[in-house]
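Chemist: Per full-length UniProt numbering, the very first residue in the sequence shown carries number 1; after that it's consecutive.
Input: one structure, supplied below.
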Amino acid sequence: MIEILNPAKVARARDTGALVAHILQTLRSRSAVGTNLLDIDRWARTMIDEAGAQSCYVDYAPSFGRGPFGHHICTGVNDAVLHGLPHDYALADGDLLSLDLAVSLEGVAADSAISFVVGESRPAESVAMIDATERALAAGIAAAAPGARIGDLSHAIGTVLTEAGYLINTEFGGHGIGSTMHQDPHVSNTGRPGRGYQLRPGLLLALEPWVMADTADLVTDADGWTLRSATGCRTAHSEHTIAITADGAEVLTLPRS
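Put into structure tokens, the structure is as follows:
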């Protein structure tokens, strides 16, 4: 299903996006050496509940997971890049942490992810990988406008990632979003310009470039959810929810000043 939101629902999506951004930034500020992933999940639950919202992950049970997910946020450490199931692990200095949060507020969802290094260490490879996903995300957003095609966004994202030297996995990518977290159209992280669904105002998309340092292959963890790099290399993931407007694209998951 491809859902086109009316102006009233887009306005509600702005509130949802702002909530997602606030929670992610709060969790980032609290994530220090020694922080347990289960504490991050607990903090996310508290903030979501206090806002009168719902996590899109608790009851999430797609065909590829061992569902339901049962937690409020995805927490990926180092080689874990997608659907990281929170577990009893204390963060160490230099860990690369990815937080992926999708929330529904008043019937409209928003989805965002951030990656950052914990503690004082700044491994060059990790910093470069995070930077590449953030630049690719910015390129995809810049390509989004009424009349553009999904392939234009995919091409923009893929060009940045490829030029940075990363292989691209096409099993998982961005997606439509609205009254539910995952909708059509699929937005691959690489593609051909001029192809695919034509964007129109009211369409919400979650764009999410992610990479692994030296592979494009994933393996599923024993928990049935966490997707890791097949080689054990580090990974990074950046995501924003955007709304297509008459003039271009509005990023909904930026923190409000």
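Every residue, glycine too, gets a C-beta built ideally from N, C-alpha and C.
1) Which full runs of the alpha helix (DSSP H) of 4+ residues lie inside the segment 92-171, going along the chain?
2) Check whether the Cβ atoms of residue 258 and Leu37 lie closer than 8 Å to each other.
3) Given this structure, state the Cα-to-Cα distance separating Ala148 from Gly194, to the nearest angstrom.
4) Could you have a look at Leu5 and say whether DSSP puts it in helix, strand or coil?
5) Using CA atoms only, rank isn't needed, just tell me which of Gly119, Ala222, Arg256 and Ala243 is closest to Leu3.
6) Hey, could you find the ends of the beta strand (DSSP E) Trp210 is sitting in?
7) Apart from the five residues just before and just after Cys56, which ones in its own chain have a Cβ nearer than 7 Å to its Cβ?
8) Are there three or more Cβ pairs, one per stretch, closer than 8 Å when the segment 167-175 is compared with the segment 207-224?
9) Grab me the residues of Gln54's own chain with a C-beta within less than 6 Å of its C-beta, minus the 5 sequence neighbours each way, in chain order.
10) When the Cα atoms are used, what is the spatial distance from Gly165 to Glu50?
11) Mind checking which residues open and close the alpha helix (DSSP H) that includes Asp184?
12) For Asp131, which of Gly94, Ala142 and Val117 has the nearest alpha-carbon?
13) With DSSP collapsed to three states, give me the class of Gly174.
14) Residues in the same chain with beta-carbon distance under 8 Å from Asp95, minus the five sequence neighbours each way, listed in chain order, please.
15) Between Ala90 and Thr26, which are expected to be in contact by the criterion C-beta below 8 Å, what is the C-beta distance as a whole number of angstroms?
16) Taking C-beta to C-beta, are Gly151 and Arg192 nearer than 8 Å?
17) With Leu227 and Leu82 assumed to form a contact (beta carbons below 8 Å), what rounded beta-carbon distance in angstroms separates them?
18) Just to confirm, are Gly178 and Leu5 a CB contact at a threshold of 8 Å?
19) Pull up the distance between the alpha-carbon of Ile114 and that of Glu239, whole angstroms please.
20) If the criterion is Cβ atoms closer than 8 Å, does the pair Ala13 and Leu204 meet it?
21) Just how far apart, CA to CA, sit Gly232 and Asp221?
22) Skipping 5 residues on each side, what residues in its chain have a beta carbon closer than 8 Å to that of Val219?
23) Does Arg256 come within less than 8 Å of chain D when only Cβ atoms are used?
Modeler: Working from what's here:
1) At a cut-off of 4 residues, the continuous stretches assigned as alpha helix (DSSP H) that sit fully inside the segment 92-171 are 124-142 and 150-163.
2) With the chain running from 1 to 257 in the structure shown, residue 258 is simply not present.
3) If you number the sequence shown from 1, residue 148 lands on position 148. If you number the sequence shown from 1, residue 194 lands on position 194. Distance between the alpha carbons of Ala148 and Gly194 is about 7 Å.
4) For the purposes of this step, residue 5 is taken as the residue at position 5 of the sequence shown. Leu5 sits in coil when the DSSP states are folded into three classes, being neither helix nor strand.
5) Taking the sequence shown and counting its residues from 1, the one referred to as residue 3 is at position 3. Here residue 3 is Glu; the residue named in the question, Leu, does not match the sequence. The shortest Cα separation from Glu3 among Gly119, Ala222, Arg256 and Ala243 belongs to Ala243.
6) Counting from one through the sequence shown, the residue named residue 210 turns up at place 210. From DSSP, the beta strand (DSSP E) with Trp210 extends over Trp210 to Met212.
7) In the sequence shown, counting from the first residue as 1, residue 56 sits at position 56. So the list reads Ala102, Val103, Ser104, Ala109 and Met181, once near-sequence residues are dropped.
8) yes
9) The residue labelled residue 54 in the question sits at position 54 within the sequence shown. So the list reads Ser104, once near-sequence residues are dropped.
10) Counting from one through the sequence shown, the residue named residue 165 turns up at place 165. Counting from one through the sequence shown, the residue named residue 50 turns up at place 50. Using only the alpha carbons, I get a separation of about 42 Å.
11) Your numbering for residue 184 matches position 184 in the sequence shown. No alpha helix (DSSP H) holds Asp184; the beta strand (DSSP E) holding it covers Gln183 to Val187.
12) The residue you call residue 131 lines up with position 131 of the sequence shown. The shortest Cα separation from Asp131 among Gly94, Ala142 and Val117 belongs to Val117.
13) Walking along the sequence shown from the start, residue 174 turns up at place 174. In the structure shown, Gly174 sits in a strand (DSSP, three-state: E or B).
14) Counting from one through the sequence shown, the residue named residue 95 turns up at place 95. Closer than 8 Å at the Cβ level, and outside the excluded window around Asp95, lie Val77, Asn78, Val117, Val118 and Gly119.
15) As a working mapping, residue 90 is identified with position 90 in the sequence shown. As a working mapping, residue 26 is identified with position 26 in the sequence shown. Contact flag wrong, Cβ pair sits at about 19 Å.
16) The residue given as residue 151 occupies position 151 in the sequence shown. The residue given as residue 192 occupies position 192 in the sequence shown. Yes.
17) Translated into positions along the sequence shown, residue 227 becomes position 227. Translated into positions along the sequence shown, residue 82 becomes position 82. Right, the Cβ-Cβ distance comes to about 4 Å (below 8 Å), so this counts as a contact.
18) The residue labelled residue 178 in the question sits at position 178 within the sequence shown. The residue labelled residue 5 in the question sits at position 5 within the sequence shown. In this structure, Leu5 lies closer than 8 Å to Gly178 by Cβ.
19) In the sequence shown, counting from the first residue as 1, residue 114 sits at position 114. In the sequence shown, counting from the first residue as 1, residue 239 sits at position 239. Roughly 7 Å between the two C-alpha positions.
20) Stepping through the sequence shown from its first residue, residue 13 is reached at position 13. Stepping through the sequence shown from its first residue, residue 204 is reached at position 204. Taking 8 Å as the Cβ cut-off, Ala13 and Leu204 qualify as a contacting pair.
21) Translated into the one-based positions of the sequence shown, residue 232 becomes position 232. Translated into the one-based positions of the sequence shown, residue 221 becomes position 221. Distance from the CA atom of Gly232 to the CA atom of Asp221, rounded to whole angstroms, is 12 Å.
22) Working through the sequence shown from its first residue, we reach residue 219 at position 219. Hits under 8 Å: Leu227, Arg228, Ser229 and Ala230.
23) Here chain D cannot be found, since the structure has a single protein chain.
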